[in-house]
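Input: a single structure, listed below in structure tokens.
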Amino acid sequence: MYKREISLLRRTAPVLATVFFLGACTFMDEALLPSLTGESASSAQTQAAASAAAPQATAQAQTPRAAPAAPGGAPSLFGSSNFEAPGVTNAQPSGTHVGQKIEELRGDLARLQSRMSEHNGQLQGQRAAARQSANAYHSLVGDVNSRLQVGTTPGNPELVAEWNQAQVELNKVGESISVLNALSNEAASTSALAAFLLESTRATFELRGAVEEDHRQLAILEDEVNKTVVVVDRLLNELSEDVARTQNYFTAERSNLTAMQVAIDNGEYIGGSLASRAYGVPAPPPTGGAAALVGQRQPLVVIRFADPNVQYEQALFSVVNRALERRPNAGFDLVAITPNTGSPAQISLATTKSRRNAENVLRSLTSMGLPADRVTLSATSSAQAQGNEVHVYVR
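As numbered in numbering that gives the first Met the number 0, residues 0 to 394 make up the sequence shown, in order.
Okay, structure coming up:
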């Protein structure tokens with residue numbers, strides 16, 4: 000009888016295992032695959048998890064949830080950090096010599112934090128003033144550019160007045176650089192004092208004659224000094240970044256203003272400053288001087304000064320800009336060419352006039368933002384020239 004039961008169990012065990020396996024597959028199919036009746040897998044998962052989570056509902060309901068982050072906890076915008084002092088905890092003096100030393104350190108920390116608050120106030124004031132000046136500057140520049148884009152009269156006095164006001168606003172931004180530099184030096188001194196105060200606080204732990212209350216107050220004071228050191232260092236780092244960023248902004252916009260002055264003189268927009276592009280290392284000047292290029296190479300552009308007032312800036316800017324787009328390491332050679340005809344006196348006068356024209360072209364290129372070290376200037380005479388000319392060669 001006993002053997003018969005064992006044999007029966009052996010025959011039924013695979014059947015039961017298969018039933019359990021098929022039941023598990025059915026559960027997995029219903030949970031992971033969409034139902035043929037249109038019920039989504041997510042709803043099937045929800046129903047399957049509902050019964051499993053029911054016993055835990057009461058326990059989860061009793062568990063407190065974390066409060067959502069307050070709006071004030073969001074990170075501040077870049078360049079708008081406000082550096083606040085952590086404060087100094089007041090405590091009753093213990094009456095010991097170490098307690099008196101703690102009171103002195105606490106007073107030093109209060110003065111240090113007051114000094115840091117002054118730095119922060121000056122920084123926020125300079126930032127607000129710089130933003131206001133930059134907004135006014137870009138408003139004026141945008142108005143001038145919009146009028147130049149559609150064209151206006153050369154040397155329009157209204158645009159000249161707006162350009163002058165834009166220069167005033169930009170100079171206000173430039174003046175803040177020296178103020179920020181001075182403030183950075185003061186913050187560096189404050190940072191050194193904070194580091195010294197931290198070392199003094201830690202050294203006070205080694206003094207003899209202290210009670211337990213003294214060491215408790217010293218631990219609190221050390222934490223507050225540590226927090227102050229961190230805030231002062233962050234203030235100093237942002238000051239350094241503000242100085243570098245403002246210097247780069249001021250240099251770039253001053254170059255843009257100079258290029259805009261050329262556009263106002265012509266009455267039309269010529270483009271952004273060439274100083275804003277990235278340059279490579281220019282090739283060395285040709286052997287024998289730039290005058291040796293005449294007749295040997297094709298010039299990039301030829302400017303003929305047949306009239307007293309030749310408008311060449313727009314065309315010159317366009318060809319130079321395209322050349323720099325193709326070759327960022329390009330250099331330029333200006334050659335003033337005079338006709339080799341007439342008496343020696345006439346040739347001398349013509350050479351002087353032609354060289355003056357080439358200097359004006361060089362001045363125009365630098366006004367457009369092209370670095371002066373990428374341009375060479377020379378003069379020569381040619382029998383093929385019909386009048387005073389300036390040839391521009393690219394190298």
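From the three backbone atoms N, C-alpha and C, an ideal C-beta is built for every residue, glycine too.
The structure presented is a predicted model; accordingly, all values stated were derived computationally and were not measured.
*Would a C-beta distance cut-off of 8 Å place Leu-333 and Ala-357 closer than the cut-off?*
yes
*Could you check what DSSP says for Phe-195 in three-state terms: helix, strand or coil?*
Annotated three-state conformation of Phe-195 is helix, per DSSP.
*asked:* With distance defined between alpha-carbon atoms, name the residue in Ser-353, Ala-243, Phe-249 and Ala-382 nearest to Ser-183.
replied: Ala-243
*asked:* For Gly-386, which residues in the same chain have their Cβ closer than 8 Å to its Cβ, ignoring the five residues on either side in sequence?
replied: Arg-303, Phe-304, Ala-305 and Pro-338
_Helix, strand or coil at Leu-302 according to DSSP, with G and I counted as helix_ = Before going further, note that residue 302 is Ile rather than Leu in the sequence given. Reduced to three states, the DSSP call for Ile-302 is strand.
*Taking the alpha carbon of Leu-147 as the point to measure from, which residue in Arg-373, Gly-368 and Gln-260 has its own alpha carbon closest?*
The shortest C-alpha separation from Leu-147 is found at Gln-260.
*Would a check of beta-carbon distances place Thr-250 closer than 8 Å to chain B?*
The displayed structure is made up of one protein chain only, and chain B is not part of it.
_Alpha-carbon spacing of Ala-202 relative to Ile-219, whole angstroms_ = Rounded to the nearest angstrom, the two C-alpha atoms are 15 Å apart.
_Ala-129 beta carbon less than 8 Å from that of Ser-199_ = no
_Ala-165 versus Glu-240 - alpha carbon distance_ = 25 Å
_I'd like the list of long-range same chain contacts for Arg-449, defined as Cβ closer than 7 Å, with 5 residues on each side in sequence excluded._
Summary: the structure shown does not reach residue 449, with the chain confined to residues 0 through 394, and so no result is reported for it.
_Residues that DSSP places opposite Thr-375 in a beta bridge_ = In the DSSP output, where bridge partners are listed per residue, Thr-375 has Asp-332.
*asked:* Would Met-115 and Val-229 qualify as a contact pair, given that the criterion is a beta-carbon distance under 8 Å?
replied: no
*Kindly indicate which residue of Val-309, Thr-340, Leu-122 and Val-300 has the alpha-carbon position closest to the one of Arg-321.*
Val-300
_Please classify Ser-272 as buried or exposed, where buried requires at least 16 other C-beta atoms within 10 Å of its C-beta._
buried
*Quick one: residues in its chain with C-beta nearer than 8 Å to the C-beta of Gly-318, no 5 flanking neighbours on either side, listed in chain order?*
Checking the sequence, you will find Val at residue 318 rather than Gly. Counting only Cβ-Cβ distances below 8 Å, and skipping sequence neighbours, we find Leu-299, Val-300 and Val-391.
*Looking at C-beta atoms only, is the number of pairs between the stretch 124-139 and the stretch 152-172 that lie closer than 8 Å three or more?*
Because the criterion of three Cβ pairs below 8 Å is met, the stretch 124-139 and the stretch 152-172 touch.
*Could you name the residues of the same chain whose beta carbon sits closer than 6 Å to that of Lys-100, not counting the 5 residues immediately before and after it, in chain order?*
Thr-203
*How would you write the range of the alpha helix (DSSP H) that Val-261 sits in, first residue to last?*
211-265
*Pull up the CB-CB distance for Ala-84 and Gln-125, whole angstroms please, since I reckon it's below 8 Å.*
Not quite, the Cβ-Cβ distance comes to about 19 Å (not below 8 Å), so this is no contact.
*Mind checking Asp-423: buried by the 16 CB within 10 Å criterion, or exposed?*
In the structure as shown, the chain begins at 0 and stops at 394. Residue 423 is therefore absent and cannot be evaluated.
_Whole angstroms are fine: how far does the CA of Gly-330 sit from the CA of Ser-347?_
29 Å
*Proximity test, Ala-84 beta-carbon vs the ligand NAP heavy atom, cut-off 7 Å*: With respect to the ligand NAP, the structure offers nothing, as it holds no ligand at all.
*Taking the DSSP output, what are the residues bridged to Ser-397?*
Because the chain here runs from 0 to 394, residue 397 falls outside it and cannot be looked at.
*beta strand (DSSP E) containing Tyr-278: first to last residue?*
Per DSSP, Tyr-278 belongs to no beta strand (DSSP E) and is neither H nor E.
*Cβ of Thr-151 within 8 Å of Cβ of Gly-266?*
yes
_Taking the beta carbon of Arg-276 as the centre, do at least 16 other beta carbons fall within 10 Å, making it buried, or is it exposed?_
exposed
*Whole-angstrom distance between Arg-233 and Pro-370, CA atom to CA atom*: Straight-line measurement puts the Cα of Arg-233 at about 36 Å from the Cα of Pro-370.
*Which residues does DSSP pair with Glu-324 in a beta bridge?*
Answer is none; Glu-324 lacks a bridge partner.
*Taking buried to mean at least 16 other C-beta atoms within 10 Å of its own C-beta, is Arg-215 buried or exposed?*
Here Arg-215 is exposed, its C-beta having fewer than 16 other C-beta atoms within 10 Å.
*Where does Val-167 fall in DSSP's three states?*
helix
*asked:* Please list the terminal residues of the continuous beta strand (DSSP E) segment that includes Glu-388.
replied: 388-393
*asked:* Measuring straight from C-alpha to C-alpha, what distance separates Asn-163 and Phe-249?
replied: 16 Å
_N- and C-terminal bounds of the alpha helix (DSSP H) containing Gln-121_ = 96-149 is the span of the alpha helix (DSSP H), which, as asked, contains Gln-121.
*Ignore the nearest five residues each way along the sequence and tell me which others in Asn-119's own chain have a CB closer than 6 Å to its CB.*
Phe-82
*Kindly indicate the opening and closing residues of the alpha helix (DSSP H) around Gln-345.*
343-366
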